[in-house]
Each structure stands twice: as structure tokens, then as C-alpha cells.
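Notes for the one structure printed next.
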Amino acid sequence: MTSADQVPFDDRGLAYGDGVFETVLLRDGVPLLWPYHRARLLRGCRVLGLEPPDDAALAATWQAPASGLEVLKIILTRGSGGRGYALPESPAPRLLSRRTPFAPAASRWQGVDVCLCTLRLARQPALAGIKHLNRLENVLARQEWQRADIAEGLLADSDGNLVEATAMNVFWLADGVFRTPPLDACGVAGTLRAALLEQGVVGEAPLSVETLLDSELIEQLFVGNSVQGVWPVNTLTTPDGEPLRRFSPTSASPLQAAAHRLLGYVPLSGPSLSGEKR
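What the sequence shown shows, in my numbering, is residues 3 to 280, in sequence order.
Here is the structure:
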């Protein structure tokens with residue numbers, strides 16, 4: 003393994019998106035949901051044929067005195083070399099990391115508006131679930147809205163099935179059961195999502211955009227990730243802010259409560275997080 007503070011011009015992560023990354027919430031220097039982050043990172047390495055970093059190298063990215071909340075970003079590229087897309091004969095993966103003070107957008111725990119993006123995700127089962135460095139679909143989708151009152155954008159695949167949000171996973175309540183889309187063709191399998199699935203809080207089920215817009219069985223909608231927690235959705239809009247559908251009030255739902263316990267966030271009625279800096 004090699005490391006660098008600056009990525010060189012010939013780094014394959016920079017040139018081709020040839021690598022993986024993780025975004026980890028640290029609380030007082032302790033990584034939350036770390037087994038899920040490590041498992042996803044190792045799976046991404048297996049899929050891409052990357053030599054994974056050892057546990058000591060990964061632990062070194064967070065083992066420094068700290069208090070409060072931080073976000074740790076870990077990037078692993080294949081390193082430099084190779085001719086064109088051909089792999090280097092002796093790859094030397096490059097491990098980079100950065101820690102940033104953080105505070106969640108706690109006001110969004112009460113509810114947000116999200117838009118339905120027009121971009122459709124390509125179906126590529128070989129890359130489904132992993133957090134690889136090529137996120138151009140997400141970049142394009144995020145350009146679709148500029149309104150400050152839209153917190154996120156939902157993404158469907160080329161078959162019209164709901165997959166995820168640009169930086170979060172999607173959950174919904176129907177017939178008293180919380181569900182999330184299967185991610186076997188595209189999308190990022192979030193670590194908070196993985197923990198909620200393992201605990202039996204949510205289950206997997208497909209959901210078409212048509213059903214999301216038209217079916218009264220879809221009572222509540224949520225977006226969430228392992229850094230921000232879970233945001234209930236009040237209104238689904240177009241990128242221009244035109245309402246498409248409104249959902250039932252979702253404050254302090256069992257899904258949100260379970261997710262925030264995993265992240266150590268206080269209940270909505272608890273003390274303020276204003277002392278935690280970003």
C-alpha cells in the first residue's frame with residue numbers, strides 16, 4: 003500500500019474512477035457501523051480486483067484523539083500505472099483519508115421535500131451495491147434541481163423501478179411494513195440500510211415509480227444514510243418544485259428511531275445538537 007496527500011496525475015482513480023470509497027460517521031473517534039463499512043469496502047475490492055488494505059491501515063485513518071462528531075472519508079484507488087485501461091503489472095493501491103468536523107442537518111429529521119429526477123440509472127449487476135469512484139450518474143442527477151427547499155432527488159433505473167436517492171437510500175411504509183428496493187442491478191447498498199435489514203426493521207421489495215406516484219398503499223416515504231440519519235419525506239416534487247405527491251406525517255417513526263439509535267442521535271424531543279460543529 004502507498005499513500006499520498008495529493009493524488010498524482012496518473013492515479014487510476016482520478017483517470018478512470020478505478021477504486022472505491024467509504025464515508026463513515028465518527029463519534030468521539032469511534033467509527034459507527036464500521037463492520038458494514040468494512041464489509042462493503044472489501045466487497046468492492048473483490049469486484050474490482052483490488053488488493054484490500056489491511057485492518058491496521060484502515061484503523062490508522064481514525065485512530066487520533068477526537069471528540070464530538072466527524073465524517074471520515076476513505077478512498078482506495080488502484081494506484082498509478084498500466085497502459086490505458088490495462089492494469090498495472092504490479093499494482094500499488096493508494097489509500098487516502100480525511101476527517102472533517104460534522105453536524106447532521108437535524109431540522110430535516112422532521113421532514114423534507116424531495117424531487118423525482120429525470121435521469122435513469124443504468125443497470126449493471128457487476129457493480130451493483132458497491133461504492134465505486136465513478137459517480138457521474140449521481141453528479142448529473144444532482145444538477146437537476148437548484149431549489150433550496152428540495153433536500154434530495156430520487157433515482158429510478160432504466161426499467162422505471164425506484165432504486166435510491168442521489169446520496170441516500172430509500173425506504174417506504176406500506177401495509178404496516180417498512181421496505182427498501184433491492185439493489186441487485188444498480189445503486190449503492192448503504193451501511194445504515196444494511197444494518198436495518200439485518201435487524202429486521204426493513205425488508206426488500208421492488209417499487210415502480212408509477213406505483214410510488216399513484217398507489218395509496220404507499221403511506222410514508224423516507225430517505226436516509228449512515229451520516230445524516232433518516233429524513234421523512236413530506237412532498238415528492240418535480241425538480242422545478244411542482245408537487246407530485248404528498249405523504250402522511252412521519253415524525254418520530256419506528257424506522258427513524260431504529261436508525262438513529264444505530265447512529266447515536268438523540269430523539270427528536272431530546273436535547274439540541276447545536277454544540278456539534280460541522
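Glycine included, every Cβ here is placed at the ideal spot set by N, Cα and C.
For R144, the enclosing alpha helix (DSSP H) covers residues L138 to R144. Sixteen is the threshold: since fewer than 16 other Cβ atoms of the shown chains lie within 10 Å of the Cβ of G266, the residue is exposed.
Distance from the CA atom of A167 to the CA atom of F23, rounded to whole angstroms, is 18 Å. V232 carries a strand assignment under DSSP once its states are collapsed to helix, strand and coil. Shown here, L71 sits in a strand according to DSSP, grouped into three states. Here L185 has A130, G131 and A191 as same chain residues with Cβ atoms under 6 Å from its own Cβ, once five neighbours each way along the sequence are excluded. A buried status is given to T79, since no fewer than 16 other beta-carbon atoms sit within 10 Å of its beta-carbon.
E200 carries a helical assignment under DSSP once its states are collapsed to helix, strand and coil. The continuous beta strand (DSSP E) containing W174 extends over residues N171 to A176. The C-beta of G205 has fewer than 16 other C-beta atoms within 10 Å across all chains shown, which makes the residue exposed. In the DSSP assignment, C117 is bridged to G155 and T239. Three or more beta-carbon pairs separated by less than 8 Å are not found between the segment 54–69 and the segment 80–88, which leaves the two stretches without contact. In the structure shown, G15 adopts helical secondary structure according to DSSP, grouped into three states.
Rounded to the nearest whole angstrom, the CA to CA distance from G46 to V172 is 21 Å. Within 10 angstroms of the beta-carbon of N140 lie 16 or more other beta-carbons, which makes it buried.
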